[in-house]
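Below: one structure, written as structure tokens.
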Ligand SMILES: C[C@@H](O)[C@H](N)C(=O)O
Ligand SMILES: C[C@@H](O)[C@H](N)C(=O)O
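Protein chains in written order, with our numbering: chain A, 1 to 163; chain B, 164 to 326.
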């Protein structure tokens, strides 16, 4: 059984927002993060991955759903300033995370996690990972089934933790 | 001074690869991660963010640079199977990470981190974050300057750690 895995965490109150097609130049991410900090908007996750067209990129943030409106306002101001193409949002977000130690050291762990969600017919909207936590954003209605599928895939019920 | 920040870590031996425009349906991320696990390819980071066109998405991985060739082979096989548009790679990757506790609780921390890189004229290729670590992929030639800029921005030299 997976000794390095300790728990599955669920946060149903998330929302995602992305500023799309900003210039891929130094200082842009700083401007965006600074504008959010100036309004004391707390961030949960930040993701920037490969972008189809070179010279541009998009930055995705997840925030507490109550902060989404403020975040949209800040991003729309930045859109004009940075010449972004648009701001995309998704208010139907729940974060489901696998928590443990050295999660990325065994390639079978991310595979088993994503397989479990796939077999449960749950679509993954966003992914972020580190050594101690792999997080997937799914729709809120899928959150409970997602947590259950991951529990089962990693035999967490055998740990009998008072979660 | 930032009590919650403890260190800056640098890993110069990374490479990034992304499978672009896969169907945004349940089970796809599982297929990709399983194919990599079957070849025992260790992953460092996994990122999936907002995608410009709905119905498709791209998944970005970072691996040890020595694993890039194997990873490209696996991804090219998947490309045909999943109907992906292409596989993008970047072998010039260094991961520079800020490590601490509760990093996302203070919005000023990500802002200061990205500002520091922007002011040092360092372009951020990929971003991934969690409560205890914010990682940026930059080009290898920028790694040392990036670590130094972050150290300075968070006054880490005052911690006088034998890093
Ligand atoms: C897109 C944004 O991350 C940019 N590359 C920067 O360094 O700020
Ligand atoms: C793109 C991929 O992540 C897909 N949404 C899945 O759930 O597997």
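Positions of the beta carbon are idealized from the N, C-alpha and C atoms, including for glycine.
Residue-level contact to chain A via CB, residue i, 8 Å cutoff
i: residue 310 of chain B; result: no
i: residue 197 of chain B; result: yes
i: residue 306 of chain B; result: no
i: residue 324 of chain B; result: Residue placement at residue 324 of chain B cannot be trusted, given a pLDDT of 47 that sits under 50; what the coordinates show is reported in the next sentence. Not an interface residue.
i: residue 315 of chain B; result: no
i: residue 215 of chain B; result: yes
i: residue 273 of chain B; result: yes
Test: residue i CB closer than 8 Å to a CB of chain B
i: residue 42 of chain A; result: yes
i: residue 59 of chain A; result: yes
i: residue 98 of chain A; result: no
i: residue 14 of chain A; result: no
i: residue 72 of chain A; result: no
i: residue 95 of chain A; result: no
i: residue 79 of chain A; result: no
Assigned exposure category for residue i - 16 Cβ within 10 Å defines buried
i: residue 91 of chain A; result: exposed
i: residue 186 of chain B; result: exposed
i: residue 291 of chain B; result: buried
Within chain A, partners of residue i - CB distance below 9 Å
i: residue 291 of chain B; result: 45, 46, 47, 48, 49, 128, 129, 130
Proximal chain A residues relative to residue i, where beta-carbon distance stays under 7 Å
i: residue 172 of chain B; result: Those within 7 Å of residue 172 of chain B in chain A number zero; the least Cβ separation is about 11 Å.
Start-to-end residues for the beta strand (DSSP E) that takes in residue i
i: residue 266 of chain B; result: Looking at the DSSP string, residue 266 of chain B is not in any beta strand (DSSP E), and its letter there is neither H nor E.
i: residue 301 of chain B; result: 296-301
i: residue 181 of chain B; result: 168-186
i: residue 122 of chain A; result: That residue, residue 122 of chain A, is in no beta strand (DSSP E); it is neither H nor E in DSSP.
Limits of the alpha helix (DSSP H) - the one that residue i falls within
i: residue 60 of chain A; result: Element bounds for residue 60 of chain A: not the alpha helix (DSSP H) but the beta strand (DSSP E), 56-64.
i: residue 289 of chain B; result: Premise fails: residue 289 of chain B lies in the beta strand (DSSP E), 289-292, not in any alpha helix (DSSP H).
i: residue 72 of chain A; result: 68-82
i: residue 340 of chain B; result: An answer regarding residue 340 of chain B cannot be provided, because it is not within the stretch 164 to 326 covered by chain B.
i: residue 151 of chain A; result: 143-153
i: residue 319 of chain B; result: Where residue 319 of chain B is concerned, there is no enclosing alpha helix (DSSP H), given that its DSSP letter is neither H nor E.
i: residue 28 of chain A; result: 28-38
Interface partners of residue i on chain A, CB under 8 Å
i: residue 281 of chain B; result: 26, 27, 28, 29, 30, 31
Any non-hydrogen atom of ligand 4 closer than 7 Å to residue i Cβ
i: residue 96 of chain A; result: Among the ligands modelled here, namely ligand 1 and ligand 2, ligand 4 does not occur.
Within chain B, the residues that residue i reaches when beta carbons sit closer than 9 Å
i: residue 2 of chain A; result: Here the premise fails: no neighbours, minimum Cβ distance about 14 Å.
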